[in-house]
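Below you'll find the structure, written out as C-alpha coordinates, and then a few comments.
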(Lines of atoms letter the chains of each structure in order from A; the text may use other names.)
(Lines give C-alpha, C1' and ligand atoms only; values in the text may rest on other atoms or scores of the structure.)
Protein backbone atom coordinates (compact mmCIF):
# COMPACT_ATOMS: atom_id res chain seq x y z
CA UNK A 1 0.00 0.00 0.00
CA UNK A 2 2.66 2.53 0.94
CA UNK A 3 5.65 3.63 -1.06
CA UNK A 4 8.61 3.41 1.28
CA UNK A 5 10.43 6.55 2.32
CA UNK A 6 13.52 5.20 0.61
CA UNK A 7 11.63 4.86 -2.65
CA UNK A 8 10.21 8.37 -2.36
CA UNK A 9 13.70 9.78 -1.95
CA UNK A 10 15.42 7.47 -4.42
CA UNK A 11 17.55 8.88 -7.23
CA UNK A 12 19.18 7.12 -10.13
CA UNK A 13 22.78 6.18 -9.29
CA UNK A 14 25.52 6.44 -11.92
CA UNK A 15 27.92 3.64 -12.74
CA UNK A 16 30.63 3.22 -10.06
CA UNK A 17 33.80 5.22 -10.64
CA UNK A 18 37.30 4.07 -9.93
CA UNK A 19 40.74 5.49 -9.17
CA UNK A 20 41.32 9.23 -9.30
CA UNK A 21 37.84 9.91 -10.74
CA UNK A 22 36.23 8.20 -7.75
CA UNK A 23 38.38 10.17 -5.30
CA UNK A 24 37.55 13.46 -7.01
CA UNK A 25 33.82 12.63 -7.09
CA UNK A 26 33.86 11.75 -3.40
CA UNK A 27 35.72 14.93 -2.51
CA UNK A 28 33.32 17.03 -4.58
CA UNK A 29 30.30 15.45 -2.87
CA UNK A 30 31.82 16.07 0.56
CA UNK A 31 32.54 19.70 -0.25
CA UNK A 32 29.04 20.15 -1.66
CA UNK A 33 27.54 18.72 1.54
CA UNK A 34 29.76 20.95 3.69
CA UNK A 35 28.76 24.03 1.73
CA UNK A 36 25.07 23.15 1.98
CA UNK A 37 25.54 22.71 5.74
CA UNK A 38 27.03 26.21 5.92
CA UNK A 39 24.21 27.64 3.81
CA UNK A 40 21.56 26.07 6.06
CA UNK A 41 23.15 27.64 9.14
CA UNK A 42 23.13 31.07 7.49
CA UNK A 43 19.55 30.73 6.26
CA UNK A 44 18.38 29.61 9.72
CA UNK A 45 19.90 32.77 11.21
CA UNK A 46 19.31 35.37 8.52
CA UNK A 47 16.30 34.08 6.65
CA UNK A 48 15.63 33.16 3.00
CA UNK A 49 17.24 36.37 1.66
CA UNK A 50 20.73 35.33 2.74
CA UNK A 51 23.26 35.85 -0.05
CA UNK A 52 25.81 33.63 -1.73
CA UNK A 53 28.50 35.82 -0.17
CA UNK A 54 27.06 35.00 3.27
CA UNK A 55 27.16 31.28 2.47
CA UNK A 56 30.76 31.49 1.30
CA UNK A 57 31.82 33.48 4.37
CA UNK A 58 30.25 30.89 6.69
CA UNK A 59 32.06 28.12 4.80
CA UNK A 60 35.33 30.06 5.01
CA UNK A 61 35.91 30.21 1.24
CA UNK A 62 35.92 32.85 -1.45
CA UNK A 63 32.69 33.32 -3.39
CA UNK A 64 34.33 32.12 -6.59
CA UNK A 65 35.28 28.81 -4.94
CA UNK A 66 31.62 27.89 -4.71
CA UNK A 67 31.46 27.30 -8.45
CA UNK A 68 34.17 24.69 -8.26
CA UNK A 69 31.58 22.45 -6.63
CA UNK A 70 28.30 23.69 -8.14
CA UNK A 71 27.50 24.37 -11.77
CA UNK A 72 25.82 27.69 -11.03
CA UNK A 73 23.67 29.39 -8.42
CA UNK A 74 20.61 27.41 -9.50
CA UNK A 75 22.55 24.20 -8.89
CA UNK A 76 23.36 25.37 -5.35
CA UNK A 77 19.74 26.36 -4.72
CA UNK A 78 18.58 22.92 -5.86
CA UNK A 79 21.02 21.26 -3.47
CA UNK A 80 19.84 23.39 -0.53
CA UNK A 81 16.16 22.81 -1.38
CA UNK A 82 16.73 19.07 -1.68
CA UNK A 83 18.30 18.99 1.78
CA UNK A 84 15.42 20.95 3.35
CA UNK A 85 12.85 18.75 1.58
CA UNK A 86 14.58 15.66 2.95
CA UNK A 87 14.49 17.13 6.47
CA UNK A 88 10.74 17.73 6.23
CA UNK A 89 10.02 14.24 4.92
CA UNK A 90 12.10 12.68 7.70
CA UNK A 91 10.20 14.68 10.35
CA UNK A 92 6.87 13.39 9.01
CA UNK A 93 7.51 9.85 10.20
CA UNK A 94 4.05 9.71 11.92
CA UNK A 95 2.48 10.25 8.51
CA UNK A 96 4.46 7.58 6.67
CA UNK A 97 3.88 5.00 9.44
CA UNK A 98 0.46 5.79 10.96
CA UNK A 99 -0.78 3.87 13.98
CA UNK A 100 -3.46 4.15 16.63
CA UNK A 101 -6.85 5.79 16.23
CA UNK A 102 -7.82 8.27 13.53
CA UNK A 103 -7.44 11.11 16.03
CA UNK A 104 -3.98 9.92 17.07
CA UNK A 105 -2.84 9.56 13.46
CA UNK A 106 -4.06 13.02 12.56
CA UNK A 107 -2.62 14.70 15.63
CA UNK A 108 0.74 12.93 15.35
CA UNK A 109 1.33 14.03 11.76
CA UNK A 110 0.16 17.60 12.35
CA UNK A 111 2.20 17.97 15.55
CA UNK A 112 5.33 16.80 13.70
CA UNK A 113 4.76 19.33 10.92
CA UNK A 114 3.95 22.25 13.22
CA UNK A 115 6.89 21.45 15.50
CA UNK A 116 9.38 21.33 12.64
CA UNK A 117 7.98 24.48 11.07
CA UNK A 118 8.15 26.40 14.35
CA UNK A 119 11.84 25.55 14.73
CA UNK A 120 12.82 25.92 11.07
CA UNK A 121 10.61 28.64 9.67
CA UNK A 122 13.47 30.31 7.77
CA UNK A 123 14.45 27.06 6.06
CA UNK A 124 10.84 26.45 5.06
CA UNK A 125 10.56 30.00 3.74
CA UNK A 126 13.66 29.38 1.63
CA UNK A 127 12.14 26.19 0.24
CA UNK A 128 8.98 28.02 -0.78
CA UNK A 129 10.79 31.04 -2.18
CA UNK A 130 13.03 28.91 -4.36
CA UNK A 131 10.33 26.62 -5.71
CA UNK A 132 11.10 26.00 -9.38
CA UNK A 133 8.87 25.53 -12.44
CA UNK A 134 10.21 21.97 -12.76
CA UNK A 135 9.72 21.26 -9.04
CA UNK A 136 6.78 18.94 -9.72
CA UNK A 137 8.66 16.41 -11.86
CA UNK A 138 8.21 13.51 -9.45
CA UNK A 139 11.30 14.06 -7.28
CA UNK A 140 11.20 14.98 -3.61
CA UNK A 141 13.77 17.74 -3.93
CA UNK A 142 11.59 20.82 -3.60
CA UNK A 143 8.46 22.43 -2.25
CA UNK A 144 5.98 21.01 -4.77
CA UNK A 145 7.52 17.56 -4.51
CA UNK A 146 6.99 17.38 -0.75
CA UNK A 147 3.41 18.67 -0.98
CA UNK A 148 2.58 16.18 -3.70
CA UNK A 149 4.13 13.26 -1.82
CA UNK A 150 2.17 14.08 1.35
CA UNK A 151 -1.12 14.57 -0.51
CA UNK A 152 -0.67 11.41 -2.58
CA UNK A 153 0.14 9.42 0.54
CA UNK A 154 -2.95 10.77 2.33
CA UNK A 155 -5.05 9.87 -0.72
CA UNK A 156 -3.89 6.26 -0.49
CA UNK A 157 -4.32 6.25 3.29
CA UNK A 158 -7.89 7.56 3.18
CA UNK A 159 -8.76 5.24 0.32
CA UNK A 160 -7.35 2.21 2.09
CA UNK A 161 -9.34 2.77 5.28
CA UNK A 162 -12.51 3.53 3.35
CA UNK A 163 -12.12 0.26 1.45
CA UNK A 164 -11.99 -1.61 4.78
CA UNK A 165 -15.57 -0.55 5.46
CA UNK A 166 -16.67 -1.35 1.92
CA UNK A 167 -16.74 2.22 0.61
CA UNK A 168 -15.33 3.24 -2.75
CA UNK A 169 -14.95 7.00 -2.34
CA UNK A 170 -13.89 9.03 -5.36
CA UNK A 171 -13.30 12.17 -3.28
CA UNK A 172 -10.27 10.93 -1.32
CA UNK A 173 -7.79 12.92 -3.41
CA UNK A 174 -9.81 16.09 -2.99
CA UNK A 175 -9.94 15.61 0.78
CA UNK A 176 -6.21 14.88 0.92
CA UNK A 177 -5.21 18.02 -0.95
CA UNK A 178 -7.67 20.09 1.08
CA UNK A 179 -6.12 18.82 4.33
CA UNK A 180 -2.58 19.50 3.12
CA UNK A 181 -3.48 23.01 1.99
CA UNK A 182 -5.25 23.87 5.23
CA UNK A 183 -2.55 22.53 7.55
CA UNK A 184 0.22 24.14 5.54
CA UNK A 185 -1.35 27.59 5.18
CA UNK A 186 -2.63 27.85 8.76
CA UNK A 187 0.57 26.60 10.41
CA UNK A 188 2.73 28.80 8.19
CA UNK A 189 0.66 31.87 9.05
CA UNK A 190 0.86 30.90 12.72
CA UNK A 191 4.67 30.80 12.66
CA UNK A 192 4.81 34.19 10.93
CA UNK A 193 2.66 35.71 13.67
CA UNK A 194 4.60 34.03 16.49
CA UNK A 195 1.68 31.92 17.71
CA UNK A 196 -1.96 32.57 18.67
CA UNK A 197 -2.66 35.81 20.48
CA UNK A 198 -2.75 35.40 24.24
CA UNK A 199 -0.64 32.24 24.42
CA UNK A 200 1.41 31.94 27.58
CA UNK A 201 4.49 30.54 25.83
CA UNK A 202 5.68 28.90 22.63
CA UNK A 203 4.94 25.35 23.75
CA UNK A 204 1.37 26.16 24.70
CA UNK A 205 0.91 28.04 21.44
CA UNK A 206 2.03 24.99 19.48
CA UNK A 207 -0.40 22.77 21.38
CA UNK A 208 -3.23 25.18 20.60
CA UNK A 209 -2.62 25.28 16.86
CA UNK A 210 -2.13 21.50 16.70
CA UNK A 211 -5.44 20.90 18.50
CA UNK A 212 -7.27 23.32 16.22
CA UNK A 213 -5.85 21.84 13.04
CA UNK A 214 -6.48 18.30 14.25
CA UNK A 215 -10.12 19.09 15.04
CA UNK A 216 -10.69 20.80 11.70
CA UNK A 217 -9.02 17.98 9.80
CA UNK A 218 -11.21 15.39 11.50
CA UNK A 219 -14.29 17.53 10.78
CA UNK A 220 -13.45 17.48 7.06
CA UNK A 221 -12.87 13.72 7.05
CA UNK A 222 -15.95 12.87 9.11
CA UNK A 223 -18.11 15.03 6.84
CA UNK A 224 -16.81 13.15 3.81
CA UNK A 225 -17.44 9.83 5.55
CA UNK A 226 -20.98 10.86 6.47
CA UNK A 227 -21.69 11.73 2.83
CA UNK A 228 -21.17 8.05 1.94
CA UNK A 229 -23.05 6.72 4.96
CA UNK A 230 -20.10 5.94 7.23
CA UNK A 231 -19.81 6.98 10.87
CA UNK A 232 -16.43 6.41 12.55
CA UNK A 233 -15.38 6.89 16.16
CA UNK A 234 -12.16 8.96 15.93
CA UNK A 235 -10.83 7.33 19.10
CA UNK A 236 -11.35 3.76 17.89
CA UNK A 237 -8.00 2.03 17.16
CA UNK A 238 -7.63 1.38 13.45
CA UNK A 239 -5.94 -1.70 12.02
CA UNK A 240 -2.43 -1.21 10.60
CA UNK A 241 -2.09 -1.11 6.84
CA UNK A 242 0.61 -3.18 5.16
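Residue numbers (the UniProt record's numbering): 1 to 242.
Even glycine gets a Cβ: it sits at the ideal position worked out from N, Cα and C.
The model shown is predicted, which means the values in this text are computed figures rather than measured ones.
- The Cβ-Cβ distance between residue 60 and residue 122 does not fall below 9 angstroms.
- For the stretch 109–167, the continuous alpha helix (DSSP H) assignments of 4+ residues that do not extend past its boundaries occur at 121–129 and 143–164, in sequence order.
- In this structure, residue 154 sits near residue 95, with a CB-CB distance shorter than 9 angstroms.
- Taking the Cα positions, residue 106 is about 8 angstroms away from residue 218.
- Comparing C-alpha distances from residue 178 to each of 75, 224 and 92 shows the shortest one belongs to 224.
- Two segments are said to touch when three or more pairs of C-beta atoms, one from each, lie closer than 8 angstroms; by this definition the stretch 31–48 touches the stretch 58–76.
- In this structure residue 117 touches residue 188 by the C-beta definition: roughly 7 angstroms separates them, less than 8 angstroms.
- Contact check for residue 169 against residue 181 fails: the beta carbons are separated by 9 angstroms or more.
- Counting only unbroken stretches of 4 or more residues, the alpha helix (DSSP H) elements lying wholly within the stretch 38–109 are 52–59, 73–91 and 93–96, in sequence order.
- Under DSSP, the beta-bridge partners assigned to residue 237 are 101.
- Check the Cα spacing between residue 115 and each of 132, 127 and 87: the tightest is with 87.
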